[in-house]
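Residue numbers (this note's numbering), protein chains in the order written: chain A, 1 to 367; chain B, 368 to 1194.
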Amino acid sequence: MSGPSSDYDPVEVTPLRADEVEKMRDDALAAVATAGDLAALKQARQEHTGDRSPLALANREIGALPPQARKEAGRRVGQARGAVAKALTEREQVLEVEREQRILAEESVDVTLPWDREPRGARHPLTTLQDRIEDVFIAMGWEVAEGPEVEAEWLNFDALNFGPDHPARTMQDTFWLEPAAAALVLRTHTSPVQARTMLTREPPIYIVCPGRVFRTDTLDATHAPAFTQVEGLAIDEGLSMADLKGTLDHFWESMFGAGITTRFRPSFFPFTEPSAEVDLVCIACRGEQPAVATCRTCKGEGWMEWGGCGVVNPRVLVACGVDPERYSGYAFGMGIERTLMVRHGINDMRDIVEGDVRFTVPFGMEI
Amino acid sequence: MRVPLSWLREYVDLPADVTPAALADRLTTLGLKFEALHAAGADVTGSLVVGRVLSFESEKHSNGKTIRWCQVDVGEGEPRGIVCGAHNFAVDNLVVVALPGATLAGGFEIAARTTYGHVSDGMICSARELDLGDEHAGIIVLGSADSVDMKPGDDAAELLHLRDDVIEFEINPDRAYALSVRGVARDAAIAYGVEFRDPADQVVPTPDDAGYPVRLDDTDGCPAFAARTVSGFDPTAPTPRWLARRVQLAGMRPISLAVDVTNYVMLELGQPIHGYDRNAVSGPIVVRRATAGEKLTTLDGVSRSLDPEDLLITDDSGPIGLAGVMGGETTEMSESTSDVLIEAAHFSAVTVYRTERRHQLPSEASRRFERGVDPTLPARAAQRVADLLVAHGGGRIDDGVTLVGSAPAPVAVAMTTDLPTRVTGIEIDEATSVGALEQVGCTVEVAGGRITAVPPPWRPDLTDPNDLVEEVARIVGYDAVPSRSPVAPAGHGLTEVQRVRRRIGRQLAGSGYVEVLSQPFVGSSDWERLGLADDDARRRTIRIANPLSEEEPELRTTLLPGLLRALARNVARGQVDLSLFETGLVFLPKGDGAVAPIPSVDRRPSDDELAAIEAALPDQPEHLAVALCGDRERAGWWGGGRAAGWFDAVAAIRAVAETLGVPLTVRSGAADPWHPGRCAELVLGDEVVGRAGELHPRVCTAYGLPARTAVAEVDLAALLARADTMVVGPRVSSYPVAKEDVALIIDASVPAAEVEAVLRSGAGELCESVRLFDVYTGEQIGEGRKSLAFALRFRAPDRTLTEADTSVARDAAVAAAVQRFGAVPRV
Ligand SMILES: [Zn+2]
């Protein structure tokens, strides 16, 4: 600080003296520094920078000085005010951070509190498993076909080479509908959908037919009178049992993972000839020693029965309007409940049927 | 079919090292499906010997039982003392004694122990204790002391043929030949490449006219009939133990020599046999169809009214048997029958099947006939029965050999040489195919690229080229089928409806609903619980002719019974906050008496026939239903819960309709089983496609459900038919929104949805949305009135709206409501 010039106007203005200005500044800085919260800071701002504050008053005196002294006084007061303003800003930032931290700390919660306000929904595992099965075939270029559950006797039996006087007809444990003359049944398999497709479309045909089917089995741990099946049908030129085996091998690998193989055994179904039972290598032990010996899934067999299949009987092609000289095909079927039970370790069919939410909810939206 | 291996090995020399399990596996690969393996007699171990009863003393004990304290010679020098509770034996009888250390059926261990004051040093066995039959009242008496074929101390297990391995097969309908030991042995011989000795290969005397007279009036139903008679045989002669044991192991009950022999021959050859009391049959046997009004009392004591299609065995007295199904009571062999008429006939499969079905009379005989029996067997089978009867029962086979009619000739089947390869995908050459067909008994000729096979008489199932392929394939082995992936033409994926169905499921599950899949069977108790009026359309159902339960003989016409039962089951099990949904078909009779035709299968049905089939089916629309009870949102540390209510049910269906892009509207309605004041009709066009709301309190009570349970059911098929899921991209205006609130006082009965619709149309194009945000009733409003408060949003696509624009639009909306409903704007 330089002292007053000797050629000043002799009139001296006390508030503008260097020491006075410094004191005002220091008072202000002290007030700012000691302001404990934003309210105190606001008051300090009022007192030290407001219209009635010493520095503001001093600033107003500058005009009273002789012109040659104004510059010096103005610089002095300006610097003081600048220092105070800067301190205010800095202090304000500090206090705002402090305030925010305090508020946030106060607002902390117990994040371990549970949240089960909205109910958890789920699709039925039979539905989602059916979706999954469909998707495997869709990926192979197949399509999904559907049909009615109350079906004409002709489509459920005759068209599929179940002759009216063949014992196979009674093996199906059919629900017959009244009146008998109407010739209607609850379909015993989804094969009528295959017949419907052949009757209405030209080959090549590659379809899967999932859906509900009915047999006169009382509900117990392994049976339900209404249950779910998926059947497949391929009609094209030059198809054989080898294509059937390839299709099923691919399908089961998609469902249960690589290394799942199938085995055919001669069997009998009126709508296929030759016919086969499909055994699937046990998904638990894979038929490998020593696990197979104690395996409960396959009861030590190494294989599990999974459904029937075969080459479409040319008689079925004829009844459905497909030229058996030009086309051949294959068909297969399996139970979705059984697949679900084995894939997911379910012991009792009744759990699938009864609709207890504790059973269904864990399966969620996809399977 | 249960096959004792000792029996099987009589006709085929199986390699010694073949285990029963390996044999069962091998035959399974040939098409005889393994069902179970029974190690008969295997749990009877230790010393089981022939004992001779030297003496016994009867002792009456304080518990009221009389026991015999026996001295039994078991071939040891010193007799053993044994306590026995049975009384059916005499001194010098030979009996079966289990010595201490032996184990009997069921793991029962024999030890010397004190009983009734004696140390019983072994046990005299009954049939049941050895798993030889059900007989347990008396012990087994093997014979008397002068029997030549046994003596005390001999191994009784061997004598009784106790130990055998029995393979049980499930025989498919196309392999009727395997319903006999003969047929299974033939396949076993093929399996191991060894010789087969046919038990049917036997010399039969030339038929003559001196036999029992038989006339066939219906040679379609009965093409061949053989008969022999045996006279003077001893009806009390016991069945040889080996024979009875085989019959028993094959799953039939030994009864008497004559019956056991007929069953034995049926099991051996597959030819059902019927034996008549020769002296009860009067006059010639005539095989004919029944005439109307005829009756027959069958062996089971049931009097049956006969159908003109039933094929009968008759004599001068009328019907004496249902051909191939069951004999009649009047000619049944009795304990004193010493003259037997043996019938071994061939009946057509269809005839037997229909009669068996008509009279609900499945039998071992009908099971074989309906699947197809070798028609060349009758004469040989009749001879075999006669031989066995006189061999073990004495008497003599009468002269005179009856054989009327003849076996139908097998029909040749031809296929192209390459068919087996084309069908199976296995490379199979001509020689392999011919060899396989000859192995199964066909007579084969090859010419001009075709294989022609005449099936053997025991294979009536071989009628088509593909049948021959299956025979070739099973001999070659199904394991040889290669795995090849066919390439389907490019597909189109799921249909729109299939996609949308999945979307609905995910949507409902995503909003907390759990899917159930109920069984579709219902009954009158369901309709009563739902409180449906007698004339309610949902009571018009399709009935099942053979329901599992008389309580549930109908097919559902609504999803509600199954869904509410599932809901109630959950509630009963302690789950109280529930949201369930179900989709599935319901079955609505057309009631026009339409009959589905059954066209011939030798061609495609005509389009008219197919249309008639479709027309006879009931309507089967897919429905969707939801049901809720308890809290939709649960109470917790966050505050109170929100009870599920009628509005949730409505909202669920509205949301589905929105997903489907279907313009579903809601209006007030009333229908069972809903609360009459809380039932919404769901309307599509001018059709009510569903209802939603609160369940009637009485229905809640009937199902054991909490009050205020809410349900909705909608014809999903109707919604799917109108689905329009193609969203047209909206143009989003970036100009500011102008908001106006409108409160209207209105008669309480006016539905909010109608007011909203009127406001919306009155507000004009600038109106972006109308949302009801408050409903108020109270004193200021007045009795029978309510105040509805709506938030209106306005926006233009091309400019910022002025206050004037907005208020003009708002006023127009209010004016419309005033005019339509007499609404009073609330200021
Ligand atoms: Zn296993």
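All C-beta atoms, glycine included, are put in the ideal place defined by N, C-alpha and C.
The model shown is predicted, which means the values in this text are computed figures rather than measured ones.
Candidates A:Trp306, A:Gly307, A:Val292: which alpha carbon is nearest A:Gly300's? If you number the first sequence from 1, residue 300 of chain A lands on position 300. Closest by alpha carbon: A:Val292.
Please report the distance separating the alpha-carbon of A:Leu317 from that of B:Met368. One-based indexing of the first sequence puts residue 317 of chain A at position 317. One-based indexing of the second sequence puts residue 368 of chain B at position 1. Cα atoms of A:Leu317 and B:Met368: separation of roughly 33 angstroms, rounded to the nearest angstrom.
Restricting to Cα atoms, I'd like to know which of A:Ala69, A:Gln93, A:Pro204 is closest to A:Leu38. Along the first sequence, one-based indexing puts residue 38 of chain A at 38. Nearest C-alpha to A:Leu38: A:Gln93.
Minimum C-alpha distance to B:Gly500 - residue among B:Ala1059, B:Leu616, B:Arg1138: In the second sequence, counting from the first residue as 1, residue 500 of chain B sits at position 133. Considering only alpha carbons, the answer is B:Leu616.
Using a Cβ-Cβ cutoff of 9 angstroms, what residues of the segment 901-912 of chain B are near chain A? List them in chain order. With the criterion set as a beta carbon lying under 9 angstroms from some beta carbon of chain A, the members of the segment 901-912 of chain B are Ile909, Arg910, Ile911, Ala912, in sequence order.
Suppose you measure from the CA of A:Cys209 to the CA of B:Leu1049; what does that come to, to the nearest Å? In the first sequence, residue 209 of chain A corresponds to position 209, counting from 1. In the second sequence, residue 1049 of chain B corresponds to position 682, counting from 1. Rounded to the nearest angstrom, the two C-alpha atoms are 32 angstroms apart.
Examine ligand 1 and report whether any of its heavy atoms sits within less than 8 angstroms of the Cβ of A:Gly302. Taking the first sequence and counting its residues from 1, one reaches residue 302 of chain A at position 302. Relative to ligand 1, the beta carbon of A:Gly302 is positioned inside 8 angstroms of a heavy atom.
Residues of chain B with a CB under 9 angstroms from the CB of A:Met365: which are they? For the purposes of this step, residue 365 of chain A is taken as the residue at position 365 of the first sequence. What A:Met365 touches in chain B, judged by beta-carbon distance under 9 angstroms, is Gly872, Arg873, Ala876, Gly877, going in chain order.
Residues whose Cβ lies closer than 5 angstroms to any heavy atom of ligand 1, in chain order: Residue selection by CB proximity (closer than 5 angstroms to any heavy atom of ligand 1) returns A:Cys282, A:Ala284, A:Cys285, A:Cys295, A:Thr297, A:Cys298 in chain order.
List, in chain order, every chain E residue whose beta-carbon is nearer than 8 angstroms to that of A:Asn313. In the structure shown, chain E cannot be found, because the protein chains are A and B.
Whose Cβ in chain A lies nearer than 7 angstroms to the Cβ of B:Ile965? Position 598 of the second sequence, counted from the first residue, corresponds to residue 965 of chain B. Residues of chain A whose Cβ lies closer than 7 angstroms to the Cβ of B:Ile965 are, in chain order, Glu153, Trp154, Asp158, Ala183.
Check whether the Cβ atoms of B:Leu610 and B:Arg751 lie closer than 9 angstroms to each other. Within the second sequence, the letter at position 243 stands for residue 610 of chain B. Within the second sequence, the letter at position 384 stands for residue 751 of chain B. No, Cβ-Cβ distance for B:Leu610 and B:Arg751 is not below 9 angstroms.
List the residues of chain A whose Cβ lies closer than 9 angstroms to the Cβ of B:Ser852, in chain order. Taking the second sequence and counting its residues from 1, the one referred to as residue 852 of chain B is at position 485. Contact of B:Ser852 with chain A by beta-carbon distance below 9 angstroms involves Met140, Asp243, Gly246, Thr247, Asp249, His250.
How far does the beta strand (DSSP E) with B:Lys1153 in it extend, from its first residue to its last? Translated into positions along the second sequence, residue 1153 of chain B becomes position 786. Start and end: 1152-1161.
I'd like to confirm the pairing. Which residues does DSSP put opposite B:Thr769 in its beta bridges? Counting from one through the second sequence, the residue named residue 769 of chain B turns up at place 402. Paired residues: B:Ala594.
Cβ closer than 7 angstroms: which chain B residues qualify as neighbours of A:Thr127? As a first step, residue 127 of chain A must be located in the first sequence, where it is residue number 127. Listed along the chain, the chain B residues whose CB falls inside 7 angstroms of the CB of A:Thr127 are Gly872, Glu882.
At least one CB of chain A closer than 9 angstroms to the CB of B:Tyr544: is that the case? Against the second sequence, residue 544 of chain B aligns to sequence position 177. By the rule that beta-carbons nearer than 9 angstroms mark a contact, B:Tyr544 does not touch chain A.
Hey, out of B:Phe1140, B:Arg866, B:Asp674, whose CA is closest to A:Glu143's CA? For the purposes of this step, residue 143 of chain A is taken as residue 143 along the first sequence, with counting starting at 1. Scanning B:Phe1140, B:Arg866, B:Asp674 for the CA closest to the CA of A:Glu143 turns up B:Arg866.
With a cut-off of 8 angstroms, do at least 3 Cβ pairs link the segment 768-775 of chain B to the segment 787-795 of chain B? The segment 768-775 of chain B vs the segment 787-795 of chain B: no contact.
Applying the 10 Å Cβ sphere with the 16-neighbour rule, what's the burial state of B:Ile709? Working through the second sequence from its first residue, we reach residue 709 of chain B at position 342. So B:Ile709 counts as buried.
Check whether the segment 650-665 of chain B touches the segment 675-686 of chain B, counting contact only when three or more Cβ pairs, one atom from each stretch, lie closer than 8 angstroms. Touching, per the Cβ criterion.
Is A:Thr200 buried or exposed, if buried means 16 or more other CB atoms sit within 10 Å of its CB? Counting from 1 along the first sequence, the entry for residue 200 of chain A is found at position 200. That one is exposed.
Closest to A:Glu178 by C-alpha separation, out of B:Pro605, B:Ala543, B:Arg907, would be which residue? As a working note, residue 178 of chain A is residue 178 in the first sequence. When the alpha-carbon of A:Glu178 is set against those of B:Pro605, B:Ala543, B:Arg907, the nearest one is in B:Arg907.
Express the C-alpha separation of B:His528 and B:Leu415 in angstroms, rounding to a whole number. Here the question's residue 415 of chain B lines up with position 48 in the second sequence. Here the question's residue 528 of chain B lines up with position 161 in the second sequence. So the two alpha carbons sit approximately 12 angstroms from each other.
Drop a sphere of 10 angstroms on the beta-carbon of B:Pro360, count the other beta-carbons inside from all chains shown, and report buried for 16 or more, exposed for fewer. Because chain B spans 368 through 1194 in this model, residue 360 of chain B falls outside it and cannot be assessed.
When the cut-off is 9 angstroms and only beta carbons count, does A:Phe256 lie next to chain B? Counting from one through the first sequence, the residue named residue 256 of chain A turns up at place 256. Judged by the 9 angstroms Cβ criterion, A:Phe256 is not in contact with chain B.
Specify, as a first and last residue, the run of the beta strand (DSSP E) that B:Asn460 falls within. Taking the second sequence and counting its residues from 1, one reaches residue 460 of chain B at position 93. Counted as a single uninterrupted DSSP element, the beta strand (DSSP E) harbouring B:Asn460 occupies residues 460-465.
DSSP state of A:Gly232, grouped into three classes? Here residue 232 of chain A corresponds to residue number 232 of the first sequence, with the count starting at 1. In this structure, DSSP gives A:Gly232 an extended state, which the three-state scheme calls strand.
Assuming contact is defined by CB atoms lying nearer than 9 angstroms, are B:Val548 and B:Trp374 in contact in what I supplied? Position 181 of the second sequence, counting from 1, holds the residue named residue 548 of chain B. Position 7 of the second sequence, counting from 1, holds the residue named residue 374 of chain B. Yes, they are a contact pair.
Since B:Ser422 and B:Val458 should fall inside the 8 angstroms C-beta cutoff, what is the C-beta to C-beta distance between them, to a whole number of angstroms? Working through the second sequence from its first residue, we reach residue 422 of chain B at position 55. Working through the second sequence from its first residue, we reach residue 458 of chain B at position 91. Your pair B:Ser422 and B:Val458 checks out as a contact, with CB atoms roughly 6 angstroms apart and the cut at 8 angstroms.
At what residue ranges does the segment 1036-1117 of chain B contain a whole run of the alpha helix (DSSP H), taking only runs of 4 or more? Listed in chain order, the complete alpha helix (DSSP H) runs (minimum 4 residues) inside the segment 1036-1117 of chain B are 1064-1070, 1083-1088.
9 angstroms Cβ cutoff, A:Thr294 in contact with chain B: What you label residue 294 of chain A is simply residue 294 of the first sequence in a count that begins at 1. No, A:Thr294 lies away from the interface with chain B (no Cβ there is under 9 angstroms from its Cβ).
Can you have a look at B:Trp825 and say buried or exposed, based on whether 16 or more other CB atoms are within 10 angstroms of its CB? For the purposes of this step, residue 825 of chain B is taken as residue 458 along the second sequence, with counting starting at 1. Per the 10 Å Cβ criterion, buried.
At least one CB of chain B closer than 9 angstroms to the CB of A:Ile346: is that the case? One-based indexing of the first sequence puts residue 346 of chain A at position 346. Chain B places no beta carbon closer than 9 angstroms to that of A:Ile346, leaving this residue out of the contacts.
Chain-ordered chain A contacts of B:Glu1000 [CB-CB under 9 angstroms]: Residue numbering aside, residue 1000 of chain B sits at position 633 when the second sequence is read from its first letter. Residues of chain A passing the Cβ test: Arg117, Glu118, Pro119.
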